[in-house]
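S.K.:
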Amino acid sequence: MSNFTGITATMNPLAEMAQFKQNMREVAASPEWRTSKLIERQRWNPYSMEGGSTAAISGDNFAIVASDTRMTQNDINILTRDAEKIHVLNDSIILSTSGFYGDVIQLRKVLQSRLHKYRFDYRADMSADLCAELLSRNLYYRRFFPYYTGAMLAGIDENGKGAVFSYDPIGCIERLGYSASGAAEPMIIPFLDCQIGHVTVAEDYEKPPLTIERAISLMKDAFRGAAEREISTGDKIHLVIAEAGKPIVQKFLPLRED
Amino acid sequence: MSIMSYTGGTVVAMAGDECVCIASDLRIGEQMTTIATDEKKVHKVSDKVYVGLAGFQSDAKTMLEKILFRKNLYELRENRKVRPQILSEMISNLCYQHRFGSYFTEPLVAGLDDQNKPYICCMDTIGCVSAPRDFVAIGTGQEYLLGVCENFWQENMKPEELFEATAQSILSCLERDAASGWGAVVYTITKDKVNVSTIKSRMD
C-alpha cells in the first residue's frame, strides 16, 4: 500500500462511503457557515402579531368598544381588510382583542364554551363582572405559555353601569374608565387621557360630561388620528355600543385604506 | 435598553399661521433614575430659529456646540442671519459626516424664515430630513405625541391656539411617557416676539 496521508489505508471502502454519507448529512443539516446567531433566528416561533388596535370607553350607563378591521403580516402585508377583533359574547359582554389572532380565536372559544356551560348550569347569562374575573383566570392559567393577546372586556355590569376591564397577556386585570390596546395604543391612550381623563387641564376647568354621543365621536377621532400614523391600523372602524337596557348595536365606519 | 432612550426626553414642534411652537420636557435621567429636572432640550440658535435635541444628552450637548460653531461661521462669512431651512441643511450635513459613528441624538429645527414663513423639520441620527407642514416630534415620547398632535393640529392656527395645541399635546404625552416629564417648556415664535412659558405637569 502507498503512504497517502489523510486516508486510512485499512478502512474498507463500504465503511468509508457510509462515513462520507453520514458526514454529508450532518453538514447539510447544519452547515458550518450557519452561526449560532443565525440558527437562533431561524428557530420556529409559536407567536405572530397581526397588528391592529382596539379601544373602549365606559360611561354612566353605556360602554362603547371600537377596533379597526385590518389584519397584517409583518406590519406591511395586508392579509384581510375585514377581520373582526370585537366579539360580542352575550347581551352584556363584549370582548375586544389585539395581538396574535390564533390565540384570540382560541381564547374566544374558551370563553364562549364557559359562558355556554354557565347558561346551562344557572339558567341565566353571565354578568360582565363575573366574565371579567373568568377571563383573568383563563389568561393566568396559561402563565408560562401565554395567549399573546391584549384583551379588553367591556359591557354593562350588574348595577347597570358601563364597565371596561383591561388585561395584560397573563391576566393582570384592571377596571378602567377607558382603555386601548394594540399597535396604536400609545397614540390613542394619551388622547383619551386628555379628552376623557382631563389630566392636562387646570382643576377649575369646566369638564364636559361624557355622553354616549361624545364618547362615540371621540372614538372616531382617536382612530382617525391613529390610522393616519400607524400602518397596521386602518380600513374600517368596527364600533360596538352597549347601552343599559338596550340591545347591543354594531356599526362599521370608513377609515383610511392605505 | 437602547442608548436613544438612556437619558429620556421629548421635543415637539408645530407650525401655525406665521408662527411656530417648539416644546420640550425638563427631565434628564440615567435610565430609570432621574438626575435633573431643569434640562431644556430646546436651544436658541438665532432670533427666530430654535433647535431641539432629543436622544442621548451627552451627544446632544456636543452636537449643540458644533451647530452653534457652524452657524456662527455662516453668519460671519455671509453677514446675514441664518434661515431655518439653511440651518437644517447644515445640521443634516453635520450628522451625515458622522455616518458610521453617529451622535445618538435626533435634531429638530423650528423657526420662521425671512418672509416669516414657518418651517419645522426633524431628522434621524444620520441627518435624513423630514419637513412636514404640520408637526414633528422626536424623543422617547414620539409615538404618544404623534397620536395627540394628529387630533389637535389644525390649518393656520394663530399663536394663542398654537400654544394651546402644543402645550396640551406635550402634557398628554408626559402623562404616559415615564422617561420624560417634570414639566415642559414651550417657545411660541412669532414674527415680532418669542413667548416662553414653563408649564407644570406630573412631577414624577
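In order, the protein sequence lines correspond to chains A and B.
Going by my numbering, the first sequence opens with residue 478, and the numbers climb by one from there.
Going by my numbering, the second sequence opens with residue 0, and the numbers climb by one from there.
Every residue gets a Cβ at the ideal spot worked out from N, C-alpha and C, and that includes glycine.
None of the values given here were measured: they were computed from a predicted structure.
Whole beta strand (DSSP E) runs in the region 111-162 of chain B with 3 or more residues, listed along the chain?
M.R.: With a minimum length of 3 residues, the continuous beta strand (DSSP E) runs that stay inside the region 111-162 of chain B are 117-122, 134-138.
S.K.: Once you ignore the five residues that flank SER4 (chain B) on each side, which residues in its own chain have a CB closer than 7 Å to its CB?
M.R.: If we look at SER4 (chain B) and ignore the five residues flanking it on each side, its Cβ neighbours are THR139, ALA178.
S.K.: Would you give the residue range spanned by the beta strand (DSSP E) that GLN30 (chain B) belongs to?
M.R.: Neither: GLN30 (chain B) is in no beta strand (DSSP E) and is coded neither H nor E.
S.K.: Name the chain B residues whose beta carbon is nearer than 7 Å to that of VAL676 (chain A)?
M.R.: Result: GLU174.
S.K.: Three-state secondary structure (DSSP) at PHE597 (chain A)?
M.R.: The answer is helix: DSSP assigns PHE597 (chain A) an H, G or I state.
S.K.: Quick check on PHE700 (chain A) - is its C-beta less than 8 Å from some C-beta in chain B?
M.R.: No, no contact with chain B.
S.K.: May I ask you to list the residues that DSSP assigns as paired with SER45 (chain B)?
M.R.: Answer by DSSP bridge pairing, in chain order: B:VAL48.
S.K.: Determine, for ILE718 (chain A), whether the minimum Cβ-Cβ distance to residues of chain B falls below 8 Å.
M.R.: It does not; no Cβ of chain B falls within 8 Å.
S.K.: Closest to GLY7 (chain B) by C-alpha separation, out of B:VAL193, B:GLU163, B:ARG26, would be which residue?
M.R.: Nearest of B:VAL193, B:GLU163, B:ARG26 to GLY7 (chain B), Cα basis: B:ARG26.
S.K.: Whole angstroms are fine: how far does the CA of ALA492 (chain A) sit from the CA of GLN499 (chain A)?
M.R.: Near 10 Å, if we compare the C-alpha coordinates of ALA492 (chain A) and GLN499 (chain A).
S.K.: If I follow the unbroken alpha helix (DSSP H) through GLY702 (chain A), where does it start and stop?
M.R.: Counting along the chain, the alpha helix (DSSP H) containing GLY702 (chain A) begins and ends at 689-706.
S.K.: Give the DSSP-derived three-state secondary structure of ALA166 (chain B) in the structure shown.
M.R.: DSSP places ALA166 (chain B) in helix when its eight states are reduced to three.
S.K.: Please check the pair TYR821 (chain A) and ASP580 (chain A), which I expect to be a contact at CB under 8 Å, by giving their CB distance rounded to whole angstroms.
M.R.: The structure shown does not extend to residue 821 (chain A), since chain A is modelled only from 478 to 735, so the question has no answer here.
S.K.: Need the endpoints of the alpha helix (DSSP H) that SER658 (chain A) sits in, please.
M.R.: Premise fails: SER658 (chain A) lies in the beta strand (DSSP E), 655-659, not in any alpha helix (DSSP H).
S.K.: Check whether chain B comes within 8 Å of ALA640 (chain A), counting only Cβ atoms and requiring the distance to be less than that.
M.R.: It does not; no Cβ of chain B falls within 8 Å.
S.K.: Within its chain, find whatever has a CB closer than 6 Å to the CB of ILE169 (chain B); leave out the 5 residues flanking it on each side and keep chain order.
M.R.: VAL11, ALA22, ALA183, listed in sequence order.
S.K.: Within 10 angstroms of its Cβ, does MET603 (chain A) collect 16 or more other Cβ (buried), or is it exposed?
M.R.: Label assigned to MET603 (chain A): buried.
S.K.: Name, please, each residue of chain B whose Cβ falls closer than 8 Å to the Cβ of ALA703 (chain A).
M.R.: Those within 8 Å of ALA703 (chain A) in chain B are GLY146, GLU149.
S.K.: Give the residues of chain B in contact with ASP670 (chain A), contact being defined as C-beta atoms less than 8 Å apart.
M.R.: Per Cβ cutoff of 8 Å: SER171, GLU174, ARG175.
S.K.: Alpha carbons only, please: which of A:ARG502, A:MET494, A:LEU669, A:ILE563 is nearest the one belonging to MET548 (chain A)?
M.R.: Comparing Cα-Cα distances from MET548 (chain A) to each of A:ARG502, A:MET494, A:LEU669, A:ILE563, the minimum goes to A:ILE563.
S.K.: Going straight from the alpha carbon of GLY637 (chain A) to that of ILE665 (chain A), what length do you get?
M.R.: The alpha-carbon atoms of GLY637 (chain A) and ILE665 (chain A) are separated by roughly 27 Å.
S.K.: Is ASP545 (chain A) near PHE700 (chain A), with beta carbons less than 8 Å apart?
M.R.: For ASP545 (chain A) and PHE700 (chain A), yes; Cβs fall inside 8 Å.
S.K.: Can you find a CB in chain A that lies within less than 8 Å of the CB of GLU17 (chain B)?
M.R.: It does not; no Cβ of chain A falls within 8 Å.
S.K.: According to DSSP, what are the bridge partners of SER196 (chain B)?
M.R.: DSSP output for SER196 (chain B) lists B:VAL185 as bridge partner(s).
S.K.: Taking C-beta pairs closer than 7 Å, name the residues in chain B that ILE666 (chain A) reaches, listed in chain order.
M.R.: Going along chain B in sequence order, the residues near ILE666 (chain A) (Cβ under 7 Å) are ARG175.
S.K.: So is GLU726 (chain A) buried or exposed if we call it buried at 16+ other beta carbons inside 10 Å?
M.R.: Note on residue identity: the sequence assigns Val, not Glu, to residue 726 (chain A). By the neighbour-count rule (16 or more Cβ atoms within 10 Å), VAL726 (chain A) is not buried but exposed.
S.K.: PRO106 (chain B) bridges to which residues according to DSSP?
M.R.: For PRO106 (chain B), which the question treats as bridged, DSSP gives the partners B:LEU52.
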